[in-house]
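Enquirer: Right, I'll just put the structure down here and ask away after.
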Amino acid sequence: MSFKKYFLVYSNFLQTSLASELEYKTNIIIDLITAILSLVGSVFLLSIFFQNNNQIGGWKFEEALIIQGIYTILNGITNTWFNPNLTEIVKHIREGTLDFVLLKPIDSQFFISLKKIAPSGFLEIMLGFCLLLYCAIINEININLSFLIFCLITLTCSICVLYSLWFFISTTTIWFVKTWNATEVLRSFLYIGRFPLTSFSYSLRIFFSIFIPIAFITSIPSKVFLGNSSIWEIILEILVCGIFLISSRKFWFFALKFYTSASS
Amino acid sequence: MMSNLNFYKLYTLLKVQYSNMLEYRVEIALWAISGIIPFFMLNIWTNNNLNELINISNVMLSRYFLSAFFVRQFSVVWVVFTFEEDALLGRVSPYLIQPLNPFFRYIAQHIAEQITRFPFALIIASFFFLFNPESRWMPNLIILFLSCIATFFSFLIQFLIQSIIACLCFWTEKASSIERLLFIPTLFLSGLLAPVISFPEYVKSWIYLTPFPYLIDFPANLLSGNETKIYAGFTMQVLWILILFPIFRKIWFEGTKKYTAMGS
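Taken in order, these protein sequences are the chains called Y and L.
Residue 112 in the working numbering sits at position 45 of the first sequence; the count goes up by one each step and never skips.
Residue 475 in the working numbering sits at position 163 of the second sequence; the count goes up by one each step and never skips.
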């Protein structure tokens with residue numbers, strides 16, 4: 068019953084936001100070109116690193132492309148769902164419209180996280196999958212069912228971790244009110260996810276495994292894709308994903324206790 | 313007389329905007345932090361000994377990336393986003409009646425923001441020196457002065473480009489996606505992520521004719537004491553400003569003729 072209700076609500080969200088986004092058709096074409104150029108740019112940057120080396124941090128160029136592919140998919144997902152919705156929290160809190168969200172007979176986290184959709188991110192997701200397919204061919208990965216299942220599990224987990232991170236940062240708005248660019252800081256840190264984590268110095272590697280878990284966002288899924296990950300890494304990934312999801316939800320309800328609406 | 317009056321107006325605008333910016337100190341601090349990508353890039357370069365191949369020592373490269381960070385901090389431009397909002401909400405109309413081009417207002421905003429940003433950038437730099445004591449250096453006054461001018465020119469070039477895009481708002485309403493498109497070559501070709509000298513030959517042959525290397529690479533090389541062609545750099549910067557300024561004038565003139573206030 069409840070599941071059906073949420074499904075119905077979501078399909079309504081989808082329809083309305085798609086309709087409003089498709090108003091700006093040329094924008095979508097420009098966004099497509101942007102996504103392609105951005106991928107070309109980062110492959111170009113990667114090629115500079117590999118100009119005279121054949122490996123960086125133990126990753127060959129062909130293997131490092133996998134990380135690019137996964138990053139592109141995740142970036143597409145960020146642009147489609149996380150960015151348009153979670154930056155809206157700031158607006159809700161500044162203008163006091165969070166009241167209306169909380170009053171609705173529907174889960175507030177669900178409403179806040181999924182209300183909008185930016186279709187131009189789809190193109191990036193597709194671009195990422197195409198790159199991954201290409202990588203599978205040049206790295207001679209044989210695709211079978213268990214490989215696909217493991218990839219799907221880790222990729223889903225990394226999406227959840229990424230979502231929780233965004234949600235965490237956006238939730239802090241309840242105290243700080245104006246944190247448009249806290250998400251911008253997060254974005255610039257996540258930029259590291261384009262490169263193999265092992266190519267950084269030891270201290271940064273620790274930082275990016277614990278505080279901003281890029282290791283769990285792009286590294287482990289890429290290793291699973293390459294087929295050289297151990298089973299404990301996958302288990303750890305699932306564990307971390309669970310912890311992040313639960314704690315970000317707890318944090319949201321904790322933060323709501325401090326919400327005092329506008330002008331009060 | 314006329315220029316004196318304009319100077320006075322600009323000074324007043326600057327004062328107003330500076331106090332406005334000081335209101336949002338945390339926000340500006342966060343902006344400053346989100347610009348630390350060059351330091352991560354430095355970590356990849358030195359950790360994998362990639363710099364040996366382009367004949368730059370570790371110390372010189374770390375100075376380069378620190379300078380790139382500084383140049384970026386003081387040449388960030390966001391006028392298109394502000395102008396788009398103003399145009400969409402119809403706030404441009406009252407500005408147009410005033411006997412002052414609204415872009416003076418925006419330029420004052422940017423400069424005020426840079427002044428607010430300065431202490432935060434210094435704090436980040438001092439942290440950098442704390443971790444990399446061997447890269448500490450003090451450029452002589454002439455170089456410092458010249459690189460300030462080069463950075464200001466870089467800011468002007470970007471400001472003019474973005475203003476031209478912003479004026480497209482008079483025709484398309486959503487000009488910021490064009491800006492996002494143009495940001496991609498700026499990001500990858502300006503030298504923020506990798507010094508231009510490390511680029512492959514097929515790129516280096518034409519890149520010095522585009523404005524991109526003069527945005528970050530040239531001022532950063534100048535400031536850090538790396539090898540660069542000072543006269544050629546300044547000439548190209550001035551040349552680009554002289555090319556872009558008449559285009560901006562023209563498009564502004566055409567745009568304001570086309571402009572119809574909100575609701576008409």
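We put the beta carbon where it would ideally sit given N, CA and C, even for glycine.
1) List the residues that DSSP assigns as beta-bridge partners of Y/Ile123.
2) Just to confirm the assignment: which complete beta strand (DSSP E) runs, minimum length 3, are found wholly within the stretch 542-576 of chain L?
3) Sorted by chain position, which residues of the same chain lie with C-beta nearer than 7 Å to Y/Ser11's C-beta, five sequence neighbours on each side aside?
4) Please return the same chain residues whose Cβ sits closer than 6 Å to the Cβ of Y/Tyr138, not counting the five positions on each side in sequence.
5) Kindly indicate the opening and closing residues of the alpha helix (DSSP H) around L/Arg403.
6) With a threshold of 8 Å, are at least 3 pairs of Cβ atoms found where one atom belongs to the stretch 122-133 of chain Y and the other to the stretch 512-522 of chain L?
7) Which same chain residues, not among the five before or five after L/Arg384, have their C-beta less than 8 Å away from its C-beta?
8) Relative to the C-alpha of Y/Leu293, which candidate in Y/Pro263, Y/Leu165, Y/Leu312 and Y/Ala249 has its C-alpha closest?
9) For L/Glu339 and chain Y, any beta-carbon pair shorter than 8 Å?
10) Of all the residues that make up the stretch 243-266 of chain Y, which are near chain L by a beta-carbon distance shorter than 8 Å?
11) What's the C-alpha gap between Y/Leu303 and Y/Ser289?
12) Listed from N- to C-terminal order along the chain, which residues in the stretch 101-122 of chain Y have their beta-carbon within a distance smaller than 8 Å of any beta-carbon of chain L?
13) Using C-beta distances below 8 Å, list every residue in its chain close to L/Ser576, excluding the 5 sequence neighbours before and after it, in chain order.
14) Can you list the residues of chain B that L/Lys486 reaches, using a CB-CB cut of under 7 Å?
15) Using a Cβ-Cβ cut-off of 8 Å, state whether Y/Ser328 counts as contacting chain L.
16) Could you give the residue range of the alpha helix (DSSP H) that holds Y/Phe167?
17) Hey, how far is the Cα of L/Val550 from the Cα of L/Pro558?
18) Taking 8 Å as the threshold (beta carbon to beta carbon), is Y/Gly143 in contact with chain L?
19) Taking a Cβ distance cut-off of 9 Å, strictly less, list which residues of the stretch 392-407 of chain L are near chain Y, in chain order.
20) Show which residues of chain Y have a CB atom less than 8 Å away from the CB atom of L/Trp343.
21) Apply the 10 Å Cβ neighbour rule to Y/Thr101 and answer buried if 16 or more other Cβ atoms are within range, or exposed otherwise.
22) If you draw a straight line from the C-alpha of L/Ser536 to the C-alpha of L/Arg375, how long is it?
23) Is the Cβ of L/Arg429 closer than 8 Å to any Cβ of chain Y?
24) Please list the partners that L/Arg492 has in chain Y, where partner means a Cβ-to-Cβ separation under 7 Å.
25) Just the C-alpha distance for Y/Ile313 and Y/Cys227, rounded to the nearest angstrom, thanks.
26) Roughly how many whole angstroms lie between the Cα atoms of L/Gly402 and L/Gln421?
27) Under three-state DSSP, which class holds L/Met313?
28) Express the C-alpha separation of L/Ile409 and L/Leu468 in angstroms, rounding to a whole number.
29) Take every Cβ of the stretch 152-161 of chain Y, pair it with every Cβ of the stretch 227-238 of chain Y, and state whether three or more of those distances are shorter than 8 Å.
30) Nearest-angstrom Cα distance between Y/Glu295 and Y/Thr223?
31) Could you check the C-alpha separation between L/Val328 and L/Ala341 for me, to the nearest Å?
32) Could you name the residues of the same chain whose beta carbon sits closer than 8 Å to that of L/Glu339, not counting the 5 residues immediately before and after it, in chain order?
33) For L/Met333 versus L/Thr428, is the C-beta spacing smaller than 8 Å?
34) Buried or exposed, going by whether 16 or more other CB atoms sit within 10 Å of the CB of Y/Lys183?
Expert: In short, the structure shows the following:
1) Answer by DSSP bridge pairing, in chain order: Y/Trp126.
2) As far as the stretch 542-576 of chain L is concerned, it has no whole beta strand (DSSP E) run of at least 3 residues.
3) Any question about residue 11 of chain Y goes unanswered here, given that chain Y covers just 68 to 331.
4) Taking C-beta separations shorter than 6 Å and ignoring five residues to either side along the sequence, the partners of Y/Tyr138 in its chain run Gly260, Arg261 and Thr285, following chain order.
5) Taken as a continuous stretch (DSSP letters only), L/Arg403 belongs to no alpha helix (DSSP H), as it is neither H nor E.
6) Flag = no, the stretch 122-133 of chain Y and the stretch 512-522 of chain L do not touch.
7) Excluding residues within five positions, the ones whose Cβ falls inside 8 Å are Gly347, Pro350, Leu504 and Ile528.
8) Distance from the Cα of Y/Leu293 is smallest, within the candidate group Y/Pro263, Y/Leu165, Y/Leu312 and Y/Ala249, for Y/Pro263.
9) Output row for L/Glu339: interface = yes.
10) Flagged, chain order: Phe243, Lys245, Thr246, Trp247, Asn248, Ala249, Glu251, Val252, Arg254, Ser255, Tyr258, Ile259, Phe262 and Ser266.
11) Y/Leu303 and Y/Ser289 have their C-alpha atoms spaced approximately 15 Å apart.
12) Of all residues in the stretch 101-122 of chain Y, Thr101, Leu104, Ser105, Gly108, Ser109, Phe111, Leu112, Ser114, Ile115, Phe116, Gln118, Asn119 and Asn120 have a Cβ within less than 8 Å of some Cβ in chain L.
13) With a pLDDT of 45 at L/Ser576, under the threshold of 50, the modelled position of this residue cannot be trusted; read the value that follows with caution. So the list is empty, once near-sequence residues are dropped.
14) The structure shown has no chain B; the protein chains it does contain are Y and L.
15) With 8 Å as the cut-off, Y/Ser328 does not count as an interface residue toward chain L.
16) Start and end: Leu165 to Leu170.
17) The straight-line gap from Cα to Cα measures roughly 13 Å.
18) No, no contact with chain L.
19) Answer set for the stretch 392-407 of chain L: empty.
20) For L/Trp343, the chain Y residues whose Cβ falls inside 8 Å of its Cβ are Asn248 and Glu251, in order along the chain.
21) Y/Thr101 is buried by the Cβ-count criterion.
22) About 5 Å.
23) It does not; no Cβ of chain Y falls within 8 Å.
24) When 7 Å is used as the limit between beta carbons, L/Arg492 is near these residues of chain Y: Thr101, in chain order.
25) Cα to Cα, the separation comes out at about 10 Å.
26) Their backbone Cα atoms lie some 19 Å apart in a straight line.
27) Residue confidence is low: L/Met313 scores 45 on pLDDT, short of 50, so the model does not pin down where it sits. Its coordinate-derived value is still stated next. It is coil, neither helix nor strand.
28) C-alpha separation (whole angstroms): 25 Å.
29) In short, these stretches touch, since the Cβ pair count reaches three.
30) The amino acid occupying residue 295 of chain Y in the given sequence is Asn; Glu does not appear at that position. Here the alpha carbons of Y/Thr223 and Y/Asn295 stand approximately 19 Å from one another.
31) Each residue's Cα considered, the two are about 20 Å apart.
32) Non-local beta-carbon contacts of L/Glu339 in its own chain, meaning distances under 8 Å to residues more than five positions away in sequence, are absent.
33) The criterion of a C-beta distance shorter than 8 Å is satisfied by L/Met333 and L/Thr428.
34) Buried is the call here.
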